[in-house]
Amino acid sequence: MSNAASTRYTRTAIALHWLMFVLIACGFSLAVYMVDLPLSPQKLKYFSWHKWIGVTVFLLAVARLAWRLTHPSPALPATMPLWQQHAAAVNLVALYVLILVIPPTGWLYSSATGVPTVYLGLVQLPDLLGRDKALAEQLKLVHVTLNFTMLALVIIHSAAALKHHLVDRDDVLWRMLPFIKLRGK
Amino acid sequence: MRGSLSGLITAAGVLLLQVATLAAAQTVLYDKSRITCVSRQENVPVEAQFRKFTAQIAFDPARPETGKAQIEIDLDSFDIGFDEYNNDARGKNWFDVRNFPRAKFVSSSMRALGGGKFEARGPLTIKGKTNEVAAPFTYKEEPGSGVFEGAFSIKRLQYNIGEGVWKDTSTVADEVQIRFRIVVAAAKPAAKK
Chain A
1 MSNAASTRYT
11 RTAIALHWLM
21 FVLIACGFSL
31 AVYMVDLPLS
41 PQKLKYFSWH
51 KWIGVTVFLL
61 AVARLAWRLT
71 HPSPALPATM
81 PLWQQHAAAV
91 NLVALYVLIL
101 VIPPTGWLYS
111 SATGVPTVYL
121 GLVQLPDLLG
131 RDKALAEQLK
141 LVHVTLNFTM
151 LALVIIHSAA
161 ALKHHLVDRD
171 DVLWRMLPFI
181 KLRGK
Chain B
1001 MRGSLSGLIT
1011 AAGVLLLQVA
1021 TLAAAQTVLY
1031 DKSRITCVSR
1041 QENVPVEAQF
1051 RKFTAQIAFD
1061 PARPETGKAQ
1071 IEIDLDSFDI
1081 GFDEYNNDAR
1091 GKNWFDVRNF
1101 PRAKFVSSSM
1111 RALGGGKFEA
1121 RGPLTIKGKT
1131 NEVAAPFTYK
1141 EEPGSGVFEG
1151 AFSIKRLQYN
1161 IGEGVWKDTS
1171 TVADEVQIRF
1181 RIVVAAAKPA
1191 AKK
């Protein structure tokens, strides 16, 4: 079992993965919930919080990408068919791209509506665009479409992870699970 | 003979025009003028524009203390960029435009602050509430026009703007900045040389 450590992701990678999962899940559900609410102070707060989550996710994504590039992830099981390995890699790259691209589209959308993003109510991000209603509508569509694309990829990603765990009974899910030292056999 | 007669008529016309423009308020160029307000919700500044207003201004930078201004804003023309919010702003909690269609400022005094800056003071009435405000501004002459530009802050709750759930200032701050840029046609017609 001396290679047990290397078959798992690093603790930092695991922490970043799950922290981002929680934040994205919160940001996504909050958005779906808040958009159709009637106007209220609470709704305005939710919009602010949603933007804060987006900025945080973006910053974590940059950190995570840097970590990943300097800390190779454990190899996939050799028993895995090549097409599955490729599919997993493509899905992961697409997820990384979306996680990095979606927050800026929200930021641009926000700028185009004339409502700046003030991170945690403290740091105002510069507006990259002037107020433009038509452009705002298009950016909203881009932001929403990319998010639902991400949802589809996340579903594939987690379904595959569960399939590894429950059907293939290999270590693929286990190597990303927190608080677990050894896989119970 | 003909030439000199038309010259005389032109000269008389110019003189008449000068007299008329000096006596009356300056002509406001509305398409170049803007009145906006910036509110802050959780520290996020959001600008809204009042698209319709009327202004009567008589101002001579050489004698600012004789200046007069009266500005009426059509609150129905409030535009914060979202239809839903605009509709809400017209309702009872905010401007209540059905009962209070206009906001009004009338200057009671004007003075020079030095350094090309001036100040207009006077009552500002919104939603039936009147408070004294002081609006500092600059005046710049540009070819063919004069530009008044300035900003001042009001406390929205002093005017009952934002009642009910909106009274809580932790979401929408009490302080709201009013910004104006009012362009008037030059008081004296540019002399043709």
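Going line by line, the protein sequences match chains A and B.
Residue 5 in the numbering used here sits at position 5 of the first sequence, and the numbers go up by one each step.
Residue 1123 in the numbering used here sits at position 123 of the second sequence, and the numbers go up by one each step.
We put the beta carbon where it would ideally sit given N, CA and C, even for glycine.
Is residue i near the ligand GTP, going by C-beta to nearest heavy atom under 7 Å?
i, result
"B:Glu-1042", "Here there are no bound small molecules, and the ligand GTP is not part of this structure."
With a cut-off of 8 Å on the beta carbons, I'd call residue i and residue j a contact; round off their distance for me.
i, j, result
"A:Leu-129", "B:Tyr-1085", "With a Cβ gap of about 19 Å, A:Leu-129 and B:Tyr-1085 do not count as contacting."
"B:Phe-1100", "B:Lys-1127", "5 Å"
"B:Ala-1111", "B:Asp-1079", "Per the sequence presented here, residue 1111 of chain B reads as Arg, with Ala not at that position. The Cβ separation is near 33 Å, so there is no contact."
"A:Val-57", "A:Met-20", "6 Å"
Could you confirm whether any beta carbon from chain B is found closer than 8 Å to the beta carbon of residue i?
i, result
"A:Gly-54", "no"
"A:Gly-106", "no"
"A:Pro-74", "no"
"A:Lys-140", "no"
"A:Lys-133", "yes"
"A:Gly-114", "yes"
"A:Cys-26", "no"
"A:Gly-184", "Low confidence applies to A:Gly-184: its pLDDT is 49, below 50, so where it sits in the model is not reliable enough to give any reading."
"A:Val-118", "yes"
"A:Glu-137", "no"
Distance cutoff 8 Å, beta carbons only. Does residue i sit that close to anything in chain A?
i, result
"B:Asp-1201", "Nothing in the structure corresponds to residue 1201 of chain B, since chain B is present only between 1001 and 1193."
"B:Asp-1079", "no"
"B:Asp-1088", "yes"
"B:Tyr-1139", "no"
"B:Ala-1186", "no"
"B:Tyr-1085", "yes"
"B:Gln-1026", "no"
Considering only DSSP beta bridges, list what residue i is partnered with.
i, result
"B:Asp-1074", "B:Arg-1102"
"A:Thr-10", "None; A:Thr-10 has no bridge partner."
"B:Phe-1118", "B:Ala-1112, B:Phe-1137"
"B:Ser-1039", "B:Val-1046"
"B:Gly-1150", "B:Phe-1137, B:Phe-1180"
"B:Arg-1034", "B:Arg-1181"
"B:Glu-1142", "B:Ser-1145"
"B:Val-1028", "B:Val-1184"
"B:Ala-1058", "B:Lys-1068"
"A:Pro-126", "DSSP, once it has assigned bridges, lists no residue as partnering A:Pro-126."
By the criterion of Cβ-Cβ separation under 9 Å, what are the contact partners of residue i in chain B?
i, result
"A:Gly-130", "In chain order: nothing, as chain B lies at least about 11 Å away."
Using a cut-off of 8 Å between C-beta atoms, extract the partners of residue i located in chain B.
i, result
"A:Val-154", "Under the 8 Å cutoff, chain B gives no residues; its nearest Cβ is about 29 Å from A:Val-154."
"A:Val-32", "Under the 8 Å cutoff, chain B gives no residues; its nearest Cβ is about 18 Å from A:Val-32."
Can you list, in chain order, the residues of the stretch 1043-1070 of chain B whose Cβ is nearer than 8 Å to any Cβ on chain A? Listed by position, the residues of the stretch 1043-1070 of chain B near chain A (Cβ gap below 8 Å) are Asn-1043, Val-1044, Pro-1045, Val-1046, Glu-1047.
Closer than 9 Å, Cβ to Cβ, to anything on chain A: give me those residues from the stretch 1158-1181 of chain B, in chain order. For the stretch 1158-1181 of chain B, which is checked against every Cβ of chain A, the residues closer than 9 Å are Val-1165, Trp-1166, Asp-1168, Ser-1170, Thr-1171, Val-1172.
Mind checking the stretch 34-58 of chain A against chain B and listing, in chain order, the residues whose C-beta falls within less than 7 Å of any C-beta there? Cβ contacts with chain B come from Leu-39, Ser-40, Pro-41, Leu-44, Lys-45, Ser-48.
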